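Numbering (the working numbering), first residue to last: 29 to 272.
Each residue gets a CB set at the ideal place from its N, CA and C atoms; glycine is no exception.
These numbers were taken from a predicted model, which means no experiment stands behind them.
Worksheet: one structure, shown below.
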């Protein structure tokens with residue numbers, strides 16, 4: 029048993045009740061598509077209701093040249109002492125296009141299910157960290173900021189307003205994503221593409237907004253965690269729909 033796991037189990041036994049009771053109470057696509065076989069896609073898999081309205085696009089944007097994208101991402105997150113699979117997809121919705129030749133985007137919404145911290149009552153729920161840039165280039169797929177709301181598997185889901193989280197909007201987990209699998213078209217109607225991406229170089233900040241439990245949770249989760257000790261690997265599917 030590793031020291032991190034020992035610390036995690038001791039912390040959970042001592043503070044699980046407090047976490048459940050106290051915390052929760054207070055609490056783009058620039059790459060060329062590769063050849064791949066198409067498959068049937070159920071349009072209801074992708075919810076476009078969170079697309080920014082045409083009126084919310086930047087001044088000067090021509091909706092006829094813009095599109096909304098709904099991204100589903102599963103995979104694996106290793107961050108400090110936390111190492112778990114993401115079996116339920118993170119769902120991210122945004123609009124992108126150009127204004128006077130300059131790439132622009134408008135964020136819509138992100139939702140994600142809580143991820144159980146193995147063998148404990150703790151959960152981490154990915155949240156939008158206030159920054160996204162999905163314009164791909166030769167060095168990266170895009171950039172994205174996340175925080176992780178801390179909660180309990182035995183209580184209601186942690187709310188963004190609950191406060192206790194890994195990172196904050198001022199000190200979020202900042203991902204610079206690089207391709208691991210090339211873009212491939214898996215459906216043309218609706219248009220859906222897939223690719224693999226990861227960041228194996230990000231730093232993970234300590235917890236924020238957790239009051240006197242912060243230091244205990246930091247020790248339990250192995251935070252802060254330096255670059256090179258963390259990996260966020262994602263299998264991504266994206267459905268695209270034009271505004272016009």
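Environment of residue i [buried if 16+ CB atoms lie within 10 Å]
i           : result
residue 70  : exposed
residue 279 : Missing from the structure shown is residue 279; the chain here goes from 29 to 272 and no further.
residue 156 : buried
residue 23  : Residue numbering for the chain in the displayed model covers 29 to 272; residue 23 lies beyond these limits and cannot be assessed.
residue 28  : Since the first residue of the chain shown is 29 and the last is 272, residue 28 is not available in this structure.
residue 77  : exposed
residue 116 : exposed
residue 154 : buried
residue 240 : exposed
Coarse secondary structure for residue i, derived from DSSP in three states
i           : result
residue 145 : coil
residue 261 : strand
residue 167 : coil
residue 128 : coil
residue 77  : helix
residue 111 : strand
residue 82  : helix
residue 91  : helix
residue 271 : coil
Residue i vs residue j beta-carbon contact at 8 Å
i           : j           : result
residue 218 : residue 267 : yes
residue 205 : residue 169 : yes
residue 232 : residue 107 : yes
residue 138 : residue 264 : no
residue 122 : residue 136 : yes
residue 179 : residue 151 : yes
residue 207 : residue 224 : yes
residue 174 : residue 201 : yes
Ignoring anything shorter than 3 residues or poking outside the segment 199-249, list the beta strand (DSSP E) runs there in chain order.
-> 201-216 and 219-227
Should the segment 87-98 be regarded as contacting the segment 236-252, the criterion being three or more beta carbon pairs within less than 8 Å?
-> no
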